[in-house]
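Here the structure is laid out as structure tokens; the discussion comes afterwards.
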Amino acid sequence: MKTFCGRANPTTGAMEWLEEDENYDYHQEIARSRYADMLHDKDRNVKYYQGIRAAVSRVKERGEKAIVLDIGTGTGLLSMMAASAGADFCYAIEVFKPMANAAVKIVEKNGFCDKIKVINKHSTEVTVGPDGDMQCRANILVTELFDTELIGEGALPTYEHAHKYLVQEGCEAVPHRATVYVQLVESKRMWSWNKLFPVHVEAEDGEKIIVSPSEMENCPGVPSVCDIQLNQMPSSDFTILSDVVTMFSVDFSKPVRSASTYYRVQLEPVKSGKAQIVLSWWDIDMDPSGMINCTMAPYWVKSTSAFQWRDHWMQCVYFLPNEEPVLQGEKVYLTACRDEYSVWYKLQKARGEEENKADVRVESPVCRCQAHLLWNRPRFGELNDQNRTRQYIESLMKVLKTDSVCLCISDGSLLPVLAHYLGAKQLLIKTVAFFYFKFFKANHLEDKIKIIEARPELLTSSQLEDKKISVLVGEPFFTTSLLPWHNLYFWYARTAVTSHLTNNVTVLPQSASLHMMIVEFQDLWRIRSPCGTCEGFDVQTMDDMIKNSLNFRESKEAEPHPLWEYPCKSLSDPQEVLTFDFRKTVPQHCLSTEGSVNLSRKGKSHGAVLWMEYHLAADISVSTGPIQISNEKGNCEWNPHCKQAVYFFSSVIESETLSDLPSAVTYAINFNTKTGEIAMDFQL
Ligand code: SAH
């Protein structure tokens, strides 16, 4: 069956109706899912297997039959482990239909049909009894329902329900327990993802400072977790203020309560500084003794020998509502509040215990300043990047005149404010207004900059106060952009407002270019790599399913990844492949290019990385791609605020051994100006 879905095209801005196969969501879910990554997580799999064997033995030693409940079975992996370990029967519950179907096939292929019953239901819908889904309650509870924040995928309510209705009292649980750890740090880099730092502008009439509204000062921000590959954060980017402490733990073998609550620990800072960030991760003990432990601890906490790369579990960064100076040795209280699905933190000075307790409120954080609704964390980081701001300031100084009428087209941009301080007389911006009112008020700019809320093609002369625009600026940045070239929306907007521009209008950036490089990933290739067998179980059905979903769209697509979190080495020099001239309107015809890139370093060509560069003014460009590439090894350092586009070469990723390394990669890239889409093809 086909359905039609309406959406605004991220590049052209046009409303379009796409015909979608009704399975499209399923395919997206599977193609972008973390199943492959979980199956590659050797450390996790081995420890689950050990834990499951130990639990089955304990039950057998008691002379009982081992009846397993596996909630969220996915491929059926943990149930197959249990059956192999001697379990008498397993109930494998999976809510996601395509996965439940896959589990049925995989269980059958591995010969466990008589031991494992796959039930395609949410666990809370499962019935127990002679006519129910389960004949009786289970005495072993196995699950893997954890996300980076531990509880974000609903593990607590699921356990709470399972203990009430699906398992016996005193059951064995694998994992047995989870523990959440925290460490207090000061980090300008991470804090810059949460607050807008004052921006200094050297104007002709002295230094001007752009400030944020006072509401931002104590704003708790948004509740969504900030999960990152903390192992890619160099130790020079943060200062440790406390030891690692246990914040809370959950015993999964006992009844679990999911209702909102809080936990509190006393910390003695090991160093004086500004407490800004709580770093957090968890570990799981697969058995009660704690001998089988799987940990997400970052590199400075655990020995590197035990290191396992994984993307399905990372580490969390929590922002305190405001920074708090702490003194070495002077005790403070850290409180973790949680509801059913998320966690947030507060820090208090050690006053009277009672006084502190009265302060604890467990409502989830809500952004009061509106900035956190407009800017996500990488965007905060980008706006706080002083080098980047300096380049925009220099460029604006080159193009602005005292009689400039300036229109800015970008979401949540500081450019209008910079342009105002640099002398432009008239400024108009086209943007989401809600935050700007507060922001302009804080900077006394209400009557200096006019906010126009209109789609570019609907812009009228009267909205522009009958003025022609002499300078059109954009970063460009749009919140709807996922892939680097989606910000070409600026070009379409520029084309739509052409009748409002003066003949000799200056457009900043004057042009953009698309760049490409062939890379070998240290680890990221794993998320696209087939698994074959996992701990001795044939899971090829899953590989085929992922492949089918990836090929669902006719042409293969590039996907966005923040590469500062995923180390890679360049195998070719970066190459400019397409340019887009913003001084002219978007052409009718397609822009296409073909060519080949030489591979100058040895390695596996896992894929091509693509990014945009913006040419602001003569000699000034900003890049959303690599900042630095080391000469000898080719290790890349990437722009820390942007996602780059990654096009995986499946032929390389899927072959175990590549006998001949290619010496060049040929490419064909086509930018369809009608649809705003970039199609690409590579041959090795
Ligand atoms: N157990 C597998 C897969 C884990 S992924 C493995 O370890 O490899 C978690 C799976 O649980 C997902 O497929 C998700 O759809 C499913 N799930 C999450 N909560 C569930 C619930 N309450 N009931 C049934 N399935 C659930």
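When we follow full-length UniProt numbering, the leftmost residue of the sequence shown carries the number 1, and every step to the right adds one.
All C-beta atoms in this analysis are idealised placements derived from N, C-alpha and C, irrespective of residue type, glycine included.
Please list the segments of the alpha helix (DSSP H) lying wholly inside the segment 170 to 233, counting only runs of 4 or more residues, in order along the chain. Fully enclosed alpha helix (DSSP H) runs of 4 or longer: 188 to 191.
Using only the heavy atoms of ligand 1, determine whether one of them is closer than 8 angstroms to the beta carbon of Asp70. Locating residue 70 in the sequence shown gives position 70, where the first residue counts as 1. Yes, ligand 1 has a heavy atom inside 8 angstroms of this Cβ.
For Glu557, name the three-state secondary structure that DSSP assigns. Against the sequence shown, residue 557 aligns to sequence position 557. Coil.
Which of the three DSSP states is assigned to Thr11 in this structure? Taking the first residue of the sequence shown as 1, we reach residue 11 at position 11. Here Thr11 sits in coil by DSSP.
Could you compute how far the alpha carbon of Ile151 sits from the alpha carbon of Ser630? Against the sequence shown, residue 151 aligns to sequence position 151. Against the sequence shown, residue 630 aligns to sequence position 630. Cα to Cα, Ile151 sits roughly 40 angstroms from Ser630.
Just the C-alpha distance for Lys425 and Ser404, rounded to the nearest angstrom, thanks. Counted from its first residue, the sequence shown places residue 425 at position 425. Counted from its first residue, the sequence shown places residue 404 at position 404. About 6 angstroms.
If you draw a straight line from the alpha carbon of Leu279 to that of Ala371, how long is it in whole angstroms? If you number the sequence shown from 1, residue 279 lands on position 279. If you number the sequence shown from 1, residue 371 lands on position 371. Taking C-alpha positions only, Leu279 is separated from Ala371 by approximately 23 angstroms.
Given 8 angstroms, three or more beta-carbon pairs between the segment 159 to 174 and the segment 132 to 147: yes
Does the structure place the segment 252 to 259 close enough to the segment 187 to 196 that three or more beta carbon pairs sit under 8 angstroms? no
In angstroms, rounded to a whole number, what distance separates the CA positions of Met296 and Asp283? Locating residue 296 in the sequence shown gives position 296, where the first residue counts as 1. Locating residue 283 in the sequence shown gives position 283, where the first residue counts as 1. Computed Cα separation, rounded: 6 angstroms.
Using C-beta distances below 7 angstroms, list every residue in its chain close to Ser102, excluding the 5 sequence neighbours before and after it, in chain order. Start at 1 with the first residue of the sequence shown, and residue 102 comes out as number 102. The sequence shown places Ala at residue 102, rather than the Ser named in the question. Thr75, Thr541, Met542, Met545.
Stretch pair the segment 126 to 136 + the segment 223 to 237: three plus CB contacts closer than 8 angstroms: no
Please report how far the alpha carbon of Gln644 lies from the alpha carbon of Ala55, in whole angstroms. The residue labelled residue 644 in the question sits at position 644 within the sequence shown. The residue labelled residue 55 in the question sits at position 55 within the sequence shown. Rounded to the nearest angstrom, the two C-alpha atoms are 44 angstroms apart.
What are the complete alpha helix (DSSP H) segments, minimum 4 residues, inside the segment 418 to 480? 434 to 442
Please tell me whether, using a cut-off of 8 angstroms, the distance from the CB of Gly436 to the nearest non-hydrogen atom of ligand 1 is below it. Counted from its first residue, the sequence shown places residue 436 at position 436. The amino acid occupying residue 436 in the given sequence is Tyr; Gly does not appear at that position. Tyr436 Cβ: outside cutoff for every heavy atom of ligand 1.
Considering only the beta carbon of each residue, do Asp133 and Lys115 sit closer than 9 angstroms? What you label residue 133 is simply residue 133 of the sequence shown in a count that begins at 1. What you label residue 115 is simply residue 115 of the sequence shown in a count that begins at 1. No, these two residues do not count as a Cβ contact at 9 angstroms.
Straight-line Cα distance separating Pro223 from Ser123: Residue mapping note: residue 123 aligns to position 123 of the sequence shown, counting from 1. Residue mapping note: residue 223 aligns to position 223 of the sequence shown, counting from 1. The alpha-carbon atoms of Ser123 and Pro223 are separated by roughly 26 angstroms.
Does any heavy atom of ligand 1 sit closer than 8 angstroms to the C-beta of Ile151? Counted from its first residue, the sequence shown places residue 151 at position 151. Ile151: no, Cβ never under 8 angstroms from ligand 1.
Give me the residue from His515, Ser395, Leu347, Lys448 with the minimum Cα distance to Met247. In the sequence shown, the residue the question calls residue 247 occupies position 247. Comparing Cα-Cα distances from Met247 to each of His515, Ser395, Leu347, Lys448, the minimum goes to Leu347.
Taking only heavy atoms of ligand 1 into account, decide whether any of them is closer than 8 angstroms to the Cβ of Lys121. Position 121 of the sequence shown, counted from the start, is the residue given in the question as residue 121. With a threshold of 8 angstroms, the Cβ atom of Lys121 counts as near ligand 1, since some heavy atom of the ligand is closer than that.
Does DSSP put Arg494 in a helix, in a strand, or in coil? Against the sequence shown, residue 494 aligns to sequence position 494. Note: Arg494 maps to helix in three-state DSSP.
Can you grab the Cα-Cα spacing for the pair Val185 / Thr239, in whole Å? As a working mapping, residue 185 is identified with position 185 in the sequence shown. As a working mapping, residue 239 is identified with position 239 in the sequence shown. Rounded to whole angstroms, Val185 to Thr239 spans 6 angstroms at the Cα level.
Selected residue, minimal CA-CA separation from Thr579, among Gln391, Met516, Ala83, Cys90: By 1-based counting over the sequence shown, the position of residue 579 is 579. Among Gln391, Met516, Ala83, Cys90, the Cα nearest to that of Thr579 is on Met516.
Decide if Gly221 is buried, meaning its Cβ has at least 16 other Cβ atoms within 10 Å, or exposed. If you number the sequence shown from 1, residue 221 lands on position 221. It is buried - the Cβ of Gly221 has at least 16 other Cβ atoms within 10 Å.
Nearest-angstrom Cα distance between Arg177 and Pro10? By 1-based counting over the sequence shown, the position of residue 177 is 177. By 1-based counting over the sequence shown, the position of residue 10 is 10. Approximately 44 angstroms, taken between the alpha carbons.
Uninterrupted alpha helix (DSSP H) stretches inside the segment 559 to 619 (no shorter than 4 residues): none
By Cβ distance below 6 angstroms, which residues in the same chain neighbour Leu407 in space, the five residues on each side in sequence not counted? Taking the first residue of the sequence shown as position 1, residue 407 is located at position 407. These residues qualify, in order along the chain: Leu428, Ile469, Leu472.
Taking the beta strand (DSSP E) that Thr295 falls in, what are its first and last residues? To locate residue 295, count along the sequence shown from 1; it is residue 295. For Thr295, the uninterrupted beta strand (DSSP E) run begins and ends at 293 to 295, by DSSP.
Hey, quick one: how far does the alpha helix (DSSP H) through Leu267 stretch, first residue to last? Numbered from its first residue, the sequence shown carries residue 267 at position 267. From DSSP, Leu267 is part of no alpha helix (DSSP H) but of the beta strand (DSSP E) over 261 to 267.
Just tell me which of Phe96, Val332, His500 has its CA closest to the CA of Glu465. Taking the sequence shown and counting its residues from 1, the one referred to as residue 465 is at position 465. Answer by Cα proximity: His500.
Output the distance between the C-alpha atoms of Val225 and Leu383, rounded to the nearest integer angstrom. Position 225 of the sequence shown, counting from 1, holds the residue named residue 225. Position 383 of the sequence shown, counting from 1, holds the residue named residue 383. Rounded to whole angstroms, Val225 to Leu383 spans 21 angstroms at the Cα level.
Assign Thr12 to one of two classes, buried (16 or more other C-beta atoms within 10 Å of its C-beta) or exposed (fewer than that). The residue labelled residue 12 in the question sits at position 12 within the sequence shown. When all chains shown are included, Thr12 counts as buried.
Element boundaries [beta strand (DSSP E), containing Val244]: Taking the first residue of the sequence shown as position 1, residue 244 is located at position 244. Note, Val244: premise wrong, no beta strand (DSSP E); not H, not E.
Let's see if you can read the secondary structure: which residues bound the beta strand (DSSP E) around Gln348? In the sequence shown, counting from the first residue as 1, residue 348 sits at position 348. Counting along the chain, the beta strand (DSSP E) containing Gln348 begins and ends at 343 to 349.
According to DSSP, is Lys274 part of a helix, a strand, or is it coil? As a position in the sequence shown, residue 274 is number 274, starting the count at 1. Strand at Lys274.
Within 10 angstroms of its Cβ, does Asn45 collect 16 or more other Cβ (buried), or is it exposed? Here residue 45 corresponds to residue number 45 of the sequence shown, with the count starting at 1. Flag for Asn45 reads buried.
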